[in-house]
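Chains A and B are the protein sequences, given in the same order. Residue numbers for the first sequence follow our numbering, so the first one is 54 and each next one is one higher. Residue numbers for the second sequence follow our numbering, so the first one is 1129 and each next one is one higher. All residues carry an ideal CB built from backbone N, CA and C; glycine is no exception. Below: one structure, written as structure tokens.
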Amino acid sequence: MSGAQSTMQTPNSRREARLIQFKIGLRRVVRNPSTLVGGLLVLTLLVMALIAPLIATHDPMAQILTDRLQPPSSAHWLGTDQLGRDIYSRLVYGAQPTLLIVILVIAFSAPFGLIIGMVAGYMGGWVETLLMRLTDIFMAFPRLILALALVSVLKPGLTNAVIAIAITAWPSYARLARAETLALRHADFVEAARGLGQSGRKIVMGQILPLCLSSAAIRATLDMAGIILTAAGLGFLGLGAQPPMAEWGAMIGTGRDHVFDAWWVAAAPGVAILLVSLGFNLLGDGLRDVLDPKHHD
Amino acid sequence: MSKAAAITISGVDVYHGHGSQRFHAVRQADLTVAPRETFGLVGGSGSGKSTLLRVLAGLLSNWSGAITLAGQVLPPGERPPRSYYRHVQMVFQDPYASLNPRHTVDRILAEGLVLHGFADVEQRIRHLLDQVGLGPRFRFRYPHELSGGQRQRVAIARAIALEPDVLLLDEPTSALDASVQAEILNLLMAIRRERPVTCVFVSHDLSVITHLCDRVAVMQQGAIVERLSGDDLVARHVQHPYTRQLLAASEGLPA
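Here is the structure:
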């Protein structure tokens, strides 16, 4: 399908070739309704985080104790919490730490895991055994428990939450990259690259990495939902972002005391977490359809 | 290049695997190929012909013996230095597997040129595409946008880009359909006319070999069982029963 489409346009430069590939991909994303919904939810999160000061109606930190636990109204769209802070504004600002955690965790864990996996798969022998057993060890830890232990040893806070989650997130990328590399290691095009005299490092980065990237991107998108949940879990337990920072997990944590008399305090960030996780999952599924060559046609 | 042989192989054994899993793929191979000669290696599957070719290409290091190629001594048991690869390039059997699906034709051709420090990469790529009959509009295509024959032309362009002294051809036409096979063979003959290149052509098909090669070695189960000149083949002056069998097979006759 993509072949027929792109032969209509003959690219004349490197940039144009890339642009055409991108357009074909984009068209396939938009055509799939669940991907579109997922994409829109994620896009909303992005926009919310970026322009939070513009769309927030109140200062997310401003405490007005006379207005505490107000139900949703025209003055406070999603009500107020136990300190009289506007929940809608806190929700909007809360998109920032959520997005930050997701981006930082992926930025640390995906490249690290990919390199470990590709090196293991390409080198084979004792290097592979060593690296993959190490991966197995990290994989054996339950993610939330290890994150909890680490954060409580280090110090509760956003940075340590990121470190803790990243440490538990990389093994799945290493597994994935190793599996892909094993399948590619003796492919003719890798042999051809060796036959040109390319070094092992160049082959891994130039020949094998581009073919691992799409499955890693799918994995990362699907992972993001889990990362958000873990981050929110840490926040809920008071081990993630520290008050008074507006963070969804922490917001649910404080709202827990008032679940029966002021349900909106916990419900609003809860729904936000649900929607964003759902968005990343739908987008990840859609990306798999677009990027995974085995799913085409 | 001097009058000396382009390729000398003496007493070469090639193995796959190590220890108790070791498989003796090529036994005591001796060959000399003269400069500008087109040498054929024939044999059934598992005869060790492709294995020997991969050793020459610097892709396998698990071998012993002595090999000299274009004046370079190929060290046994280790990967040769980068400069070795400038002298020898290989075209693989399956053009659907030998091009990275995520690289454009441009990148595929540029890689070797950049690696070996060629200066005028742009110009060379354009010239290469013309040389293999593809033209500039294929330059920024991806392999999945090309037919099998077009892919094999790209693979040949990649191989001749480094202006190697020796071109190794591992059944370059057997994955293609008949009409395309002829085109690729014609292209290879044209390249051989244009440049002083030594070719080693591996095939199981004697008719293709007879067509192209000056001399032929027949391999069976890892050993070279017979050496023939092109004229011997045409005249059917063959001694070994296995060669007779191959000859009969290529003509579609019972042995």
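At 4 residues or longer, what runs of the alpha helix (DSSP H) sit wholly inside the region 1266 to 1298 of chain B? 1276 to 1289
Starting from the beta carbon of Arg260 of chain A, find every residue of chain B whose beta carbon is closer than 7 Å, and list them in chain order. For the sequence presented, residue 260 of chain A should be read as Gln rather than Arg. Within 7 Å Cβ-Cβ: Asn1228.
Tell whether a beta-carbon distance below 8 Å holds between Ala321 of chain A and Val312 of chain A. no
Output yes if chain A places a C-beta closer than 8 Å to the C-beta of Thr1291 of chain B; else output no. Sequence inspection shows Glu at residue 1291 of chain B; the Thr mentioned does not correspond to that position. Interface residue (Cβ-Cβ distance to chain A less than 8 Å): Glu1291 of chain B is not classified as such.
Could you pull out every residue in the same chain whose Cβ sits closer than 6 Å to the Cβ of Arg231 of chain A, ignoring the five residues on either side in sequence? Gly170, Ala173, Gly174, listed in sequence order.
Using the beta-carbon of each residue, which ones in chain A are nearer than 7 Å to Tyr1213 of chain B? Neighbours of Tyr1213 of chain B across chain A, judged by C-beta separation under 7 Å: Gly248, Leu249, Gly250.
Mind checking which residues open and close the beta strand (DSSP E) that includes Met1218 of chain B? 1216 to 1219
Pull out every residue of the region 1131 to 1165 of chain B whose Cβ sits closer than 8 Å to any Cβ of chain A, in chain order. none
Whole beta strand (DSSP E) runs in the region 1326 to 1382 of chain B with 3 or more residues, listed along the chain? 1326 to 1331, 1343 to 1348, 1351 to 1357
Rounded separation between Gln260 of chain A and Ala1283 of chain B - CA only: 15 Å
If you follow the beta strand (DSSP E) that Val1201 of chain B is part of, which residue opens it and which one closes it? 1200 to 1202
Looking at Thr151 of chain A and Ala281 of chain A, is the spacing between their C-beta atoms short of 8 Å? Note on residue identity: the sequence assigns Ile, not Ala, to residue 281 of chain A. Yes, these two residues count as a Cβ contact at 8 Å.
State the start and end residues of the unbroken alpha helix (DSSP H) segment that holds Val1170 of chain B. No alpha helix (DSSP H) contains Val1170 of chain B, which is instead part of the beta strand (DSSP E) from 1166 to 1170.
For Pro1271 of chain B and Arg1230 of chain B, what's the separation of their Cα atoms in angstroms? Pro1271 of chain B and Arg1230 of chain B have their alpha carbons spaced roughly 8 Å apart.
If you pair each beta-carbon of the region 1184 to 1204 of chain B with each one of the region 1130 to 1149 of chain B, do three or more pairs fall below 8 Å? Yes: the two stretches touch, three or more of their Cβ pairs being nearer than 8 Å.
Chain A contact residues for Ala1225 of chain B, given Cβ-Cβ distances below 7 Å: Ala240, Asp241, Phe242
Just by C-beta distance, which residues in the region 1235 to 1249 of chain B are closer than 9 Å to chain A? Arg1235, Ile1236, Glu1239, Gly1240, Leu1243, His1244
Measuring only between beta-carbons, confirm whether Gly1174 of chain B sits less than 8 Å from chain A. no
Contact between the region 1156 to 1165 of chain B and the region 1342 to 1361 of chain B is defined here as three or more beta-carbon pairs at a separation below 8 Å; is this criterion met? By the Cβ criterion, the region 1156 to 1165 of chain B is in contact with the region 1342 to 1361 of chain B, since at least three pairs of Cβ atoms, one from each stretch, lie closer than 8 Å.
Note the first and the last residue of the continuous beta strand (DSSP E) segment covering Trp1401 of chain B. The question about residue 1401 of chain B has no answer, for chain B in this structure spans 1129 to 1383.
Alpha carbons only, please: which of B:Gly1199, B:Gln1221, B:Ser1148 is nearest the one belonging to Thr1326 of chain B? B:Gly1199
What residues from chain B crowd round Glu69 of chain A, counting only those whose CB sits closer than 7 Å? Phe1268
Are the beta-carbon atoms belonging to Gly1 of chain A and Gly279 of chain A less than 8 Å from one another? Residue 1 of chain A lies beyond the range of chain A shown here (54 to 350); nothing can be said about it.
Quick one: which chain A residues come within Cβ less than 7 Å of Gln1217 of chain B? Gly248
Nearest chain B C-beta to Leu264 of chain A closer than 8 Å, yes or no? Residue contact check for Leu264 of chain A against chain B: a CB pair falls below 8 Å.
Can you check DSSP and say which residues form a bridge with Thr1160 of chain B? B:Thr1136
What's the gap between the Cα of Leu72 of chain A and the Cα of Val1219 of chain B? 31 Å
Under DSSP, the alpha helix (DSSP H) around Ile300 of chain A begins and ends at which residues? Looking at the sequence shown, residue 300 of chain A is not Ile but Glu. Run containing Glu300 of chain A: none; DSSP gives neither H nor E here.
Any C-beta of chain B under 8 Å from that of Asn65 of chain A: Output row for Asn65 of chain A: interface = yes.
Inter-residue Cα distance where the pair is Gly1174 of chain B and Val83 of chain A: So the two alpha carbons sit approximately 50 Å from each other.
Residues in the region 314 to 327 of chain A with C-beta within 8 Å of chain B's C-beta atoms, listed in sequence order? Within the region 314 to 327 of chain A, no residue qualifies.
Three-state class that DSSP yields for Asp276 of chain A in the structure shown: helix
Whole angstroms are fine: how far does the CA of Ala102 of chain A sit from the CA of Leu335 of chain A? Each residue's Cα considered, the two are about 20 Å apart.
To the nearest angstrom, how far is it from the Cα of Ile271 of chain A to the Cα of Met277 of chain A? 10 Å
Any idea which residues DSSP pairs His1152 of chain B with across the strands? His1152 of chain B pairs with B:Tyr1143.
Go ahead and pull the three-state DSSP assignment for Asp139 of chain A. The three-state secondary structure of Asp139 of chain A, taken from DSSP, is strand.
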